[in-house]
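Q: Okay, so the sequence shown: first residue is 1175 according to this note's numbering, each after it adds one. We put the beta carbon where it would ideally sit given N, CA and C, even for glycine. Structure below; questions to follow.
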Amino acid sequence: MSSQPAEPIVPVRDRPAIKALRTIIKPDEQNTWDEAWKQNVTPWDAGGSQPPLRALLESKRVPLPTAGKALVPGAGRAWDALLVASTLGLDTVAVDISPTAIAEAQRVVESTPTPKGKVSIEEGDFFALALPESERYDLILDYTFFGAIPPSLRADWGAQMAALAKPGGYLISLLFPLGLSPEEGGPPHYVIPEHLDQVLSSKDWTKLIAEAPENSSYDHVGKDWLTVWRRN
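Structure (structure tokens):
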């Protein structure tokens, strides 16, 4: 169950931080993401991992790996990388294109010991990552990254996920926010669950879970969509 808000929830498009973000980010200028971090305009960051992700990783619904390595693209302060490492014991790479985000992630990771896997922080472009087949990831977690990139890059996102996940590996996606319109631009951009289906080929992936979580944080209720895929 989600917690109840003390006052009515403001629609995502009308939230001041979202409006500010959309004035800063220029889709064709990647350095503008660092500007958003410098101005502390990071509306996707809740100071920790989202409840649906915590619940999934702590459950036995899917036989997620407990050895190997994981990737979190667009990792921000590395909350989700820490969740993966501490819950599953995977050595987890947190990647972000923003130097300021990387510095913030280093600060958070250094102050948050993980009892199992380790977390490493890397500044870089997800779309430029390349690995030999023997070094592909056992798990990849995407929270809001898919909706943050320009829609024109979504097919490349799908191809890159297939290239980076090893056979039998898992992809976890928590889409947020649903309910935007195609006309309003972004980020976050208009996204619906079917957009994932369009770029994750059934020959490459088997979908295991696709649902609206029951335990979203109060300001995410009705706007989250959780999916889990296994690489064929």
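Put V1184 into one of helix, strand or coil per three-state DSSP.
A: Residue state, collapsed to three classes: coil.
Q: Rounded to whole angstroms, what is the Cα-Cα separation between Q1213 and A1194?
A: Cα to Cα, the separation comes out at about 10 angstroms.
Q: What did DSSP end up calling R1405 once you bin it into helix, strand or coil?
A: Residue state, collapsed to three classes: strand.
Q: Mapping DSSP to helix, strand and coil, what is V1215?
A: Residue state, collapsed to three classes: coil.
Q: W1211 and T1274: beta carbons closer than 8 angstroms?
A: Yes, Cβ-Cβ distance for W1211 and T1274 is below 8 angstroms.
Q: In angstroms with no decimal places, state the Cα-to-Cα distance between D1219 and G1250.
A: Taking the straight line from one Cα to the other gives about 8 angstroms.
Q: Less than 7 angstroms between C-beta atoms, sequence neighbours within five positions excluded: which residues of the same chain meet that for Y1317?
A: So the qualifying residues of the chain are Q1224, L1227, D1254 and L1348.
Q: For D1485, is the classification buried or exposed, using 16 other Cβ atoms within 10 angstroms of its Cβ as the cut-off for buried?
A: It is not possible to answer for residue 1485, since the shown part of the chain is limited to 1175 through 1406.
Q: Tell me the rounded alpha-carbon separation between D1208 and Q1280.
A: Approximately 15 angstroms between the Cα atoms of the pair.
Q: Please name the residue, chosen from I1183, I1199 and V1184, that lies closest to P1362 on a Cα-to-Cα basis.
A: It is I1199 whose Cα lies nearest to the Cα of P1362.
Q: Using only CA atoms, which one of A1386, S1326 and Q1334 lies nearest to P1351?
A: The candidate whose alpha carbon is nearest that of P1351 is A1386.
Q: Let me know if R1405 comes out buried or exposed under the rule of 16 or more other beta-carbons within 10 Å of its beta-carbon.
A: It is buried - the Cβ of R1405 has at least 16 other Cβ atoms within 10 Å.
Q: Quick one: grab the DSSP three-state call for D1299.
A: Reduced to three states, the DSSP call for D1299 is coil.
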